[in-house]
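Participant: Could you have a look at this structure, given as structure tokens, before my questions?
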Amino acid sequence: MKIQYYLLSILAGVAVAFQTGVNSQLRTDTNNPVLTALISFGVGTVALVILYFSFFRQSPAFPPGHNFQWWTFTGGLLGVLYVTGVVIAAPRIGAANALAFIVGGQFIAAIIIDHFGWMRLPVNPISFYRLAGIACLLLGVYLIQKR
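FYI, the UniProt record's numbering numbers position 11 of the sequence shown as 11, with every residue one higher than the one before it.
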């Protein structure tokens, strides 16, 4: 088992929960969800530049002759949808409710992506157990949003 990847995933999940709260407060302060996302991505970009040059110490370059698929450059656009959606939803429905629905959406999308092997990911067919797991997660989403 590769425990470090599970721990990293947990840490990423904790970061997302805190990011939701931080960005929600920033959205309240700026009163503008798009400006909030811009600030969030700007700070993140600076952090990534520092991280990149701290570890790689070389100019960024694409491998010669490599043909990129157009969709490999859309990750940032998807991030804009995520961050902007969170900063609009979380102040109105709460961090736990927003993240519960986000996680529900992530699992539904992930099981479809896995089933078809989209984006060059390994194929992992939908099975009864995977569907049962999704049903349990969706039940959890429902229960989390109940008062």
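Here a beta-carbon is modelled for each residue, glycine too, at the ideal position from N, C-alpha and C. Every value quoted in this text rests on a predicted model; they were computed, and no experiment measured them.
Give a yes or no on whether the C-beta atoms belonging to Val141 and Gly104 are separated by under 9 Å.
Facilitator: Contact flag set, yes.
Participant: Flag this pair as yes or no: are the beta carbons of Ile113 and Gly85 separated by less than 9 Å?
Facilitator: No, these two residues do not count as a Cβ contact at 9 Å.
Participant: Give me the Cα-Cα distance between Leu35 and Tyr129, rounded to the nearest whole angstrom.
Facilitator: Taking the straight line joining both Cα atoms gives about 42 Å.
Participant: Given a threshold of 16 other Cβ atoms within 10 Å of its Cβ, counted over all protein chains shown, does Ala17 qualify as buried or as exposed?
Facilitator: Ala17 is exposed by the Cβ-count criterion.
Participant: For Gly57, which three-state DSSP category applies?
Facilitator: According to the sequence displayed, residue 57 carries Arg and not Gly. Correct three-state label for Arg57: coil.
Participant: Could you tell me if Leu99 is buried or exposed, where buried requires 16 or more neighbouring beta carbons within 10 angstroms of its beta carbon?
Facilitator: By the 10 Å Cβ count, Leu99 comes out buried.
Participant: Within 10 angstroms of the Cβ of residue 172, are there 16 or more other Cβ atoms? Answer buried if so, exposed if not.
Facilitator: The requested residue 172 does not occur in the structure, where the chain is confined to residues 1 to 147.
Participant: Can you tell me whether Asn32 is helix, strand or coil according to DSSP?
Facilitator: In this structure, Asn32 counts as coil in the three-state DSSP scheme.
Participant: If we count the other Cβ atoms within 10 Å of its Cβ and call it buried at 16 or more, is Pro33 buried or exposed?
Facilitator: Buried, by the Cβ-count rule.
Participant: What does the Cβ neighbour count give for Thr20, buried or exposed, with the cut at 16 atoms within 10 Å?
Facilitator: Answer is buried; the Cβ neighbour count reaches 16.
Participant: For my contact list, Pro91 and Arg27 are in at a C-beta cut-off of 8 Å; report their separation, rounded to the angstrom.
Facilitator: Contact holds; Cβ gap of about 6 Å.
Participant: Pull up the CB-CB distance for Ile108 and Ile126, whole angstroms please, since I reckon it's below 8 Å.
Facilitator: The pair is not a contact, with the Cβ atoms about 11 Å apart (cut-off 8 Å).
Participant: What does the alpha-carbon distance come out to for the pair Ala47 and Trp71?
Facilitator: C-alpha separation (whole angstroms): 24 Å.
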